[in-house]
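So the protein sequences, as listed, match chains C and B. Per my numbering, residue 1 is the first one in the first sequence, and the count goes up by one each step. Per my numbering, residue 1001 is the first one in the second sequence, and the count goes up by one each step.
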Amino acid sequence: MENSNTSTKTTAPSVMTQRRSFLRAVGAAAVTGGILTACSTADVQVSPNGARAGSAGDVITLPGGDLGILNYAFILEQIEARFYELVLANPYEGMTALEMQLFQDLRNHEVTHRAFYRTALMSAGIPDLTLDFSSIYFRQRTDVLEAARMFAEIGTAAYNGGGKYLTDPENLTVAGKIVSVEARHVSIIREMEYMNQTAFSGDNIVIDGLFIKKEPSEVLPMAQKYIRETIDARNLPTTVA
Amino acid sequence: MNLQSIFAELEQVDNEFFGRLEHVSRRGLFSSLTKKTVAVAAPSILASALTSAYGQSSALPDNVVDVLNFALTLEYLEYRFYDTGTNLTMIPSQYKPAFELIRRHEQIHVNLLKTVLGAKGIPEPKFDYTAKGNFPDTFSNFQTFAAVSQAFEDTGVRAYKGQAPNLMNAKPILETALQIHATEATHAARIRFLRGQKGWITLASPSGLPPAAAGVYMGEDNVSQKGINLQGILSGVVPVEGVTEAFDEPLTKDQVMTIVKPFLA
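So, in structure tokens, the structure goes:
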């Protein structure tokens, strides 16, 4: 069963305050960079699939190679899956039947992706993260659609940029099976926001005919905002094999 | 569009990239381009950079040439289709922006692939958009036009996906192919949506396409990934429809050519 060790508060000043002081404690480098690439903090030993209440000081160190990239994808899928679970648990006022169906579909896809990585990675997988969506106001349609759009866009760009680091063709194929579904999400979410225009494949995500791509070093600082633990990405590949 | 960053990324991806850029003066290339010309010219510059890196296409590995010509065939098919269609009045005005944008993207893809392939690129074939009479009113009935569009886009997504492992020995090209692949997926979802379909593919449902297009969704009902039966794991959590929607499945080159063949004149 899916665990729900996550803050569901939509506005929580105290959480923000705690978070801010945590960031201050970790240091300016972490605040600006968002991820620690050379952190001396001893790695926290965590039981692989165990649900646990993560605390702010925990550092999760991603492995290198294909396993690192797959865990990186697992992080993004955990964020997306949990986000849609919360959207459905806290539906905004006036959510239409079409929108409800959309969010149920998105939730189904992301929960499936998360389950795939959790099962495929097993003991090599990171634990379930402690996620923090306190910056998103779930009762506001525009906030929810904007967040959904952003997560889907970052996810697509991340897979586009991460694929080249995979050395096992089977891993590349599975990543390819997921990224096009993320790109479909981008298209439909944008269509819900800006109907009958060109936003579905707009020129801020598809530049000169190519959907943007992002490196892990660009994506993880964005993802870190929603994660209580600190993700240490120092082992992720940065050059292709 | 930042050309400098493209080169920086290519260099990061492929350490020998600049070493292979023998005929291109890096500084000269950058200084001659204003920001505006970069935005307009970037795809062709990227393409020629990729080409130069691999030595005017003659050094492209044979398997990569095959994949790119296969992709070029599909892009020709799409581009000529939209180029004809968007000049016709049958497209309802609210959908014109979408089809016009897609036409432009396909045109860029054609030009990019042609430039990378250079002399090894195949010429544009002649197409029959009735698919040997299966779709007699493609360019006079918007419903047919949109259905054919959906078939092309969903096939395109599956085709690029199937070829990704064949580009692993040419990483900069792999990355560009993945970016095209995701672009085609945004098109596919949009076209499906305007046809009253979900943006994603449920089971192996024909998604409102006639039997002549059955091959487009063959195998999309797969529920196992890397040997993991997700339908079993997610029983009671995600319905099987959702499990199949969550993954787009690849098609082999042969499967794609079976779908495409009726459209070749």
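Beta carbons are placed, not taken as given, at the ideal position from N, Cα and C, and that holds for glycine. All of these numbers come straight from a predicted model, not from anything done at the bench.
Span of the alpha helix (DSSP H), counted from its first residue to its last, around residue i
i	result
T1073 (chain B)	1062-1085
D105 (chain C)	97-121
T1183 (chain B)	1171-1194
M1090 (chain B)	It is not in any alpha helix (DSSP H) - M1090 (chain B) carries neither H nor E in the DSSP assignment.
M150 (chain C)	141-162
I1233 (chain B)	1230-1233
T1155 (chain B)	1142-1163
N1111 (chain B)	1096-1117
M222 (chain C)	216-224
T1202 (chain B)	No alpha helix (DSSP H) contains T1202 (chain B), which DSSP labels as neither H nor E.
G64 (chain C)	Premise fails: G64 (chain C) is in no alpha helix (DSSP H) and is neither H nor E.
Any C-beta of chain B under 7 Å from that of residue i
i	result
G163 (chain C)	yes
E85 (chain C)	no
I231 (chain C)	no
L106 (chain C)	no
K213 (chain C)	yes
F74 (chain C)	no
I189 (chain C)	no
G64 (chain C)	no
S201 (chain C)	yes
G266 (chain C)	With chain C represented from 1 up to 241, any question about residue 266 (chain C) goes unanswered, as that position is not in the structure.
L172 (chain C)	yes
Where the beta strand (DSSP E) containing residue i begins and where it ends
i	result
V59 (chain C)	59-61
D1254 (chain B)	Per DSSP, D1254 (chain B) belongs to no beta strand (DSSP E); it is in the alpha helix (DSSP H), 1253-1260.
D168 (chain C)	First-last for D168 (chain C): undefined, no H or E at that position.
D232 (chain C)	230-232
Exposure label - residue i; buried when at least 16 CB within 10 Å
i	result
D232 (chain C)	buried
Y194 (chain C)	exposed
T142 (chain C)	exposed
P1092 (chain B)	exposed
M192 (chain C)	buried
P216 (chain C)	buried
S101 (chain C)	Reading off the sequence shown, one finds Gln at residue 101 (chain C), where the question assumed Ser. It counts as exposed.
K1132 (chain B)	exposed
A89 (chain C)	exposed
Q224 (chain C)	buried
K1096 (chain B)	exposed
G57 (chain C)	exposed
M122 (chain C)	exposed
Inter-residue Cα distance where the pair is residue i and residue j
i	j	result
G1085 (chain B)	V181 (chain C)	27 Å
E1011 (chain B)	T1176 (chain B)	For E1011 (chain B), the predicted model reports a pLDDT of 44, less than 50, meaning its position is unreliable; a value from the coordinates is still stated below. Rounded to whole angstroms, E1011 (chain B) to T1176 (chain B) spans 14 Å at the Cα level.
Q1004 (chain B)	G209 (chain C)	Low confidence applies here, because Q1004 (chain B) scores a pLDDT of 41, under 50, leaving its location unreliable; read the following figure in that light. In a straight line, the C-alpha of Q1004 (chain B) is about 18 Å away from that of G209 (chain C).
D1221 (chain B)	N204 (chain C)	33 Å
I79 (chain C)	R184 (chain C)	18 Å
L1068 (chain B)	A1170 (chain B)	11 Å
E153 (chain C)	G64 (chain C)	24 Å
T1130 (chain B)	F1139 (chain B)	9 Å
A176 (chain C)	E1184 (chain B)	The question names Ala, but residue 176 (chain C) is Gly in the sequence shown. Answer to the nearest angstrom: the Cα atoms are 13 Å apart.
I1126 (chain B)	L1077 (chain B)	The amino acid occupying residue 1126 (chain B) in the given sequence is Lys; Ile does not appear at that position. If I take the Cα positions, the gap works out to 9 Å.
Q104 (chain C)	I1201 (chain B)	15 Å
L172 (chain C)	A1164 (chain B)	7 Å
P1206 (chain B)	A1182 (chain B)	21 Å
V1243 (chain B)	H109 (chain C)	7 Å
I1228 (chain B)	T1089 (chain B)	49 Å
Y117 (chain C)	N1087 (chain B)	46 Å
Chain C contact for residue i (CB, 7 Å cutoff)
i	result
K1114 (chain B)	no
F1099 (chain B)	no
T1086 (chain B)	no
A1212 (chain B)	no
Q1143 (chain B)	no
G1199 (chain B)	yes
L1174 (chain B)	yes
Q1094 (chain B)	yes
L1251 (chain B)	no
I1108 (chain B)	yes
G1242 (chain B)	yes
L1103 (chain B)	Inspection of the sequence shows that residue 1103 (chain B) is occupied by Arg rather than by Leu. R1103 (chain B) does not count as touching chain C.
D1254 (chain B)	no
Nearest candidate by alpha-carbon position, reference residue i, set the options
i	options	result
L106 (chain C)	B:A1265, B:E1241, B:D1254, B:N1222	B:E1241
I1173 (chain B)	B:H1109, B:N1134, B:A1119	B:H1109
T156 (chain C)	C:L236, C:L88, C:K214, C:Y165	C:K214
A74 (chain C)	C:A89, C:A147, C:K177, C:A120	It should be noted that the sequence gives Phe, not Ala, for residue 74 (chain C). When each option's Cα is compared against that of F74 (chain C), the closest is C:A120.
V59 (chain C)	C:T96, C:P127, C:E85	C:P127
G202 (chain C)	C:V186, C:P216, C:S217	C:V186
K1114 (chain B)	B:A1059, B:A1071, B:G1199	B:A1071
P1239 (chain B)	B:H1187, B:L1203, B:T1252, B:Q1255	B:L1203
D132 (chain C)	C:A81, C:E99, C:N108	C:A81
G1118 (chain B)	B:V1065, B:R1190, B:A1212	B:V1065
R114 (chain C)	B:I1233, B:F1263, B:M1090	B:I1233
Distance cut-off 6 Å: residue i Cβ against heavy atoms of the ligand ATP
i	result
Y92 (chain C)	Here there are no bound small molecules, and the ligand ATP is not part of this structure.
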